[in-house]
Amino acid sequence: MSNSHSYSKRASSGAQYSGQRSRGLVFGAVVTLFFLGYLGHLFSLQVIEGQFHATRALSLSRRGATLAAPRGEIFDRHADKPIAGNRTSFTIQLNPARVPNGQHAELFSDLAELLDVPVAQLNDRVPPSSYHIHQEIDVLTWAKMEKVTHLAEHIHEFPGVSWITTPVRTYPESETMAHLLGHVGRITSRELQVLYNEGYHSSSILGKSGIEQQYDQQLQGIDGRRIGIFDAHGRSVTERETEIVPPEPGDNLVLTVDRHIQQLAAEALGERLGSVVVLKPNTGEILAMVSYPSFDPNTLYGRQSNSALAQLQTDDRAPFLNRAVQSSYPPASTFKILLTAAALEEDLIGPDDIIYAHPVYRIGNRVVREWRPNGFGSLNITQALANSSNVFFATLGNEYIGTDLLLSYATEFGFGALTGIDLPGERAGVVPSREWKQNEFNTAWVQGDTVNISIGQGFLDVTPLQLANMVALLVNDGRLYRPHLLKEVRDGVDGTVLGRVEPEVIAEVGLSQDTLALVRGAMREVVRSGTASSVITTPSVAIAGKTGTAEVDAASENWHSWFVAYGPYDTDNPDEQVVVAVMVEAENKWEWWAPRAANVIFHGIFSDMSYEESRLDLQQRRLLW
Amino acid sequence: MHETRSHSIFEFDILLFFSVLLLTIVGILFIYSSGVTSTGIVFSSEYVRQIIWAGIGLLLMLTVAFTDYRVYRDVAVYLFVAMLLLLVITLLFGRVVNGARRWLGLWQFGIQPSEFAKLAFILVVAKYLDYVANGIRKLPTFVLGMLLVIPPTLLIAVQPDLGTAAVFFPLYIVMAFVAGAKASHVGFFILSGVCVLLFTLLPTYEQFVLERHSPLISVLSESGPVTILLASLVLVVLLAIIGRVVTKRRWFTAIAYGVSIPALGVAASVFVRGFLRPYHQLMRLVVFLDPSIDPRGAGWNTIQSVTAVGSGGVWGKGFLQGTQSHFQYLPQQSTDFIFSIIAEEWGFIGAFGIFILFFLILLRAVLILGYAKDAFGAYVAAGVAGMIFTHFVVNIGMAMGILPITGLPLFFLSYGGSTLWTGMIGVGLLLSVYNRKYR
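Chains A and B, in that order, give the protein sequences.
Position one of the first sequence corresponds to residue 1 (my numbering), numbered consecutively onward.
Position one of the second sequence corresponds to residue 1001 (my numbering), numbered consecutively onward.
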């Protein structure tokens, strides 16, 4: 037999089998067909569509990562230490598909122990249905540094676990500055729709209230981008090929607020529903703005943010409300200052003219009583303001000044209109008019309405800031500056001043020096001999002001308590003057607290003391009621 | 003259041997490549172990090659029974890796009995076919032999390892076909198998890929309609059989033949779907049709693998330069998707080379089955060829995104001692058959 053994020879010699040879050839043909088919597909994948797949491979690994721009810091007027800053927090992530099959439960229990969170939380974030998903899932936000350090040391025991850093906003002054600074939070889809064209994206952190919201654009900065090659774990593969567009940090803001005065005012108001405004009349700079109840903005962007937010949102004392600008009340007797100015300026009454104040003033069915049962008898306008005579001012308003002039003065002084302070959500309050009443109540204006307004009741509604402005206008010779919180914008990196806010006159009321002197003198008399003389005791500054006690409803035993004042009464240096407006709502126990709080605030400001020091000092001098 | 030739130890299929050797070396290279990270750090020592296994595997291959394969005919039944026992033990005491109980191990060493079960199955089927000889042309003999498929398939399916479990049926089909089973019988079961697959996957396809209600498909997944459908199909078959018996018309046979294929498909699909549902496997089996429906989940593997293969282009990205692989986008690179990394780094040229080597091995196997001195040798050769071919088709089909992800390794290339040894012992059997072609 030769070497060249052929198929046919084998087939003929094998007696046992019959046809494997031909069947083998059929099988070989099937194999060949499959090979050709697969080869064709491989050719189409690699050669024909190769470029497409190569592009896709590149785009799979080329990813742009956002480099979050640090949010600008916020300083008070001393610009020495931030009142809103940033710190770094860690988010622990898990890529469930990187965990070996069947080891999820074990890994979760170990991870839960290490991170000190319930296992249920991990199971909740990463349910079994997601075990095959190649994507980082946040399992713990706001992780502490030491947890992450600990995790880093044991990272080989935790396949699929990684972490990213996220900047967190911090507010060292917490509740004290909450309404003023506001708070930040993740952008909502509704906000994103509106702000998308201004460079915000789905993971933007956004100012939600206060200064944070008002100046969000300046604070945001511009996010950078790192375009690089990343592996499936999200790790950057090579530094060298990475293009980096560095982030531009947000601008720093310097506010007009003095954190010491803010603290003083907050403590002086204490735990009473109400608000305090302290401002500089000759510039409109807000030195302090306090509203109670408040909230801790640090809790609104953090691990417990949802529960904290829910709790605050359902609190019926409305802690988010900035009562200094977002609440309006009847100004009560403080409004008598405006009548005094109007009557004197219009020469409707002389400084020495006497009006006899009966115990009761009747017009139609409206009855105005004096707060002192026997009434005051004959009063000039200074005495009337000092004693806060309701009958005197009812008469003055209704019979001397008249409805139209009174309302026009109210409007000129800025009531019923936004002050234009740089805070979102300011309220305008109400200055009624004949048309307004017709529209609202479908009844005509009556003299009783004028009488009501003359004593700061009725349809009149003002914000504490507007009332502070009224005083500022009188202190400032009829000129009113826009109240503002922003003082300077500074570069977030080197701190160079990029812009300063200049005082801006928003109202100018023509008042003669005589009128101004008389009104200020009358306000001084309120403190020296009048209604406030027993509670305004500070020896460190001469104060001029006016109390107010607003009726909420006839049945109530409680009243809103107002006190608006400025000090020093007389000075050669207008820059040292401050206006203080305190409003304590009727919901609180009646303590006549507004002037008492103002007394401590003035004492603290002018003796450079804290609240406790002021109280102690006044107590030692036996000046604290 | 015969005697002298058969005694020469160099009388051995050099081409087959070197194809296997070359594939194994390429396999080790790319197992090394798969263990290198994007930053160039070698994090896996799998390639070292594969070298050791390849060394032992070559010894096993040569030992088998120089042993007379007819020895195995005598012990085939014992080997098969022993292997089934091993599978039972694996189910009871096996080590759970990646959620499946596939491993039987002592200390650090472990084997996957399911791999070796294929060889025992080939031997026992070869023995059966040899025993029944021409009787395989009869339907009952053909079907009886098919019963051998059931125990290993079930024992491996419950591990669960669906890919490996599904290999036994095509092995039997290939071997029985080569042994001379009627084309109509073989065709019937191939078509039924296709029907089972189709009917099993269609409802899942409707749910995830089509994403709309299709009444034609819903019939298969709702218990009421499926019963009616099955009953009516069975009724048609019965009527056709009765018609055949009564009228003796041949076309009734054709009707019975044609209708029982879908009937078998529907019946089996209900069973298979019920079996697969708890393993979340159906989604994986269907998602290759449209990986984008779950790109980060079930579709991830398909997308990453197709991208790896496609992005290799004509010349490839170069050894150790693959981005899909080294950036860890490609999963299971050293086992299931070893072909993808080769195709990515060596391109169409390299992948074509792999095709050529496998084609050479299969070509030699087909020739050897023709050369075989006796029927048993031919059947064993057919079985080994069928095994290597099935793995090739399923694994590379999976890597190219035209078959579902079933996790079947590629012989000689994929990492894993059991698979490598199974492949090499299989080739050893081929060589042994070739060696003794004149004896």
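Glycine included, each C-beta is placed from N, C-alpha and C at the ideal position.
Remember, predicted model here, so these are calculated numbers, not experimental data.
Sequence-distant residues of its chain with Cβ nearer than 8 Å to residue i (five each side left out)
i	result
A:H104	P96, V126, P128 and Y131
A:G377	Y356 and A357
A:N123	F108
B:S1292	G1299 and I1303
A:R190	none
B:F1359	none
A:G510	E345 and G478
Top-ranked residue by Cα proximity to residue i, from the options
i	options	result
B:D1336	B:F1199, B:N1395 and B:A1100	B:N1395
A:N86	A:I155, A:T547 and A:Y301	A:Y301
A:H183	A:T299, A:R622 and A:R77	A:T299
A:F34	B:K1437, B:I1356 and B:G1417	B:I1356
A:E285	A:V277, A:A29 and A:Y611	A:V277
A:G458	A:A79, A:R169 and A:Y329	A:Y329
B:A1263	B:P1295, B:F1189, B:Y1205 and B:Q1333	B:F1189
B:I985	B:V1226, B:L1060, B:L1229 and B:G1258	Since the first residue of chain B shown is 1001 and the last is 1439, residue 985 of chain B is not available in this structure.
B:L1210	B:V1380, B:V1286 and B:R1436	B:V1286
A:K144	A:T547, A:V117 and A:P159	A:V117
Interface flag, residue i vs chain A, CB-CB below 8 Å
i	result
B:V1309	yes
B:V1194	no
B:F1327	yes
B:Q1332	no
B:L969	Residue numbering for chain B in the displayed model covers 1001 to 1439; residue 969 of chain B lies beyond these limits and cannot be assessed.
B:A1117	no
B:R1102	no
B:I1402	yes
B:L1369	yes
Spatial neighbours of residue i in its chain, beta-carbon cut-off 6 Å, leaving aside the 5 residues before and after
i	result
A:H5	Residue confidence is low: A:H5 scores 40 on pLDDT, short of 50, so the model does not pin down where it sits. Its coordinate-derived value is still stated next. There are no such residues.
A:A597	A268, L269 and V582
A:Q620	none
B:L1029	none
A:M289	L180, V277 and A324
A:S162	Q93
A:S629	Nothing can be reported for residue 629 of chain A, as the shown portion of chain A is limited to 1 through 625.
B:T1390	V1167 and P1170
A:E136	Q93 and N95
A:F295	A178, L312 and P319
Contacts around residue i, its chain only, beta-carbon distance under 7 Å, and the 5 residues preceding and following it disregarded
i	result
A:T659	In the structure as shown, chain A starts at 1 and stops at 625, and residue 659 of chain A therefore has no counterpart that could be examined.
B:A1382	V1174, M1175, V1178 and L1369
Contact with chain B by residue i, beta-carbon distance below 8 Å
i	result
A:H683	Because residue 683 of chain A is not part of the residues shown, which for chain A are 1 to 625, the question remains open.
A:G24	yes
A:L45	yes
A:D138	no
A:E627	Not covered by the structure: residue 627 of chain A. The range shown for chain A is 1 to 625.
A:V99	no
A:A232	yes
A:A152	no
Distance cut-off 7 Å: residue i Cβ against heavy atoms of the ligand SAH
i	result
A:S529	Among the components of this structure there are no ligands whatsoever, and the ligand SAH is therefore not found.
Handout entry: Inter-stretch contact at 8 Å, needing at least 3 Cβ pairs: the stretch 1305 to 1320 of chain B / the stretch 39 to 58 of chain A
Key = Yes, since at least three Cβ pairs between the stretch 1305 to 1320 of chain B and the stretch 39 to 58 of chain A fall closer than 8 Å, the two stretches touch.
Exercise for the section: Would you be able to state if there are at least three C-beta pairs under 8 Å between the stretch 457 to 472 of chain A and the stretch 246 to 253 of chain A? Expected result: no
Handout entry: Inside the stretch 235 to 306 of chain A only - beta strand (DSSP E) runs reaching at least 3 residues
Key = 243 to 245, 252 to 255, 274 to 279 and 286 to 292
Practice task
Run through the stretch 458 to 510 of chain A for me and flag every whole alpha helix (DSSP H) of 4 or more residues, listed as ranges in chain order.
Solution key: 464 to 475
Handout entry: Those runs of the alpha helix (DSSP H) which lie wholly inside the stretch 1127 to 1170 of chain B and span at least 4 residues
Key = 1139 to 1146, 1150 to 1157 and 1162 to 1165
Practice task
Kindly confirm or deny that the stretch 1191 to 1207 of chain B and the stretch 1281 to 1290 of chain B touch, where touching means at least three C-beta pairs closer than 8 Å.
Solution key: yes
Problem - Cβ pair count under 8 Å reaching 3, the stretch 1416 to 1429 of chain B against the stretch 1323 to 1332 of chain B - result: no
Handout entry: Any beta strand (DSSP E) of 3 or more consecutive residues that is wholly inside the stretch 1062 to 1127 of chain B
Key = Here the runs fully enclosed are 1095 to 1097, 1100 to 1106 and 1109 to 1111.
Handout entry: Three-pair Cβ contact test at 8 Å for the stretch 222 to 230 of chain A versus the stretch 28 to 42 of chain A
Key = no
Handout entry: Inter-stretch contact at 8 Å, needing at least 3 Cβ pairs: the stretch 527 to 541 of chain A / the stretch 368 to 388 of chain A
Key = yes
Practice task
Mind listing, in chain order, the continuous beta strand (DSSP E) runs of no fewer than 3 residues lying wholly within the stretch 1273 to 1335 of chain B?
Solution key: none
Handout entry: Validate contact between the stretch 386 to 399 of chain A and the stretch 422 to 435 of chain A using beta carbons, cut 8 Å, 3 pairs
Key = no
Problem - Cβ pair count under 8 Å reaching 3, the stretch 1078 to 1090 of chain B against the stretch 1147 to 1160 of chain B - result: yes
Handout entry: Cβ contact (3+ pairs, closer than 8 Å) linking the stretch 1109 to 1126 of chain B and the stretch 1069 to 1083 of chain B
Key = A contact is defined here as three or more CB-CB pairs under 8 Å, and the stretch 1109 to 1126 of chain B meets this definition with respect to the stretch 1069 to 1083 of chain B.
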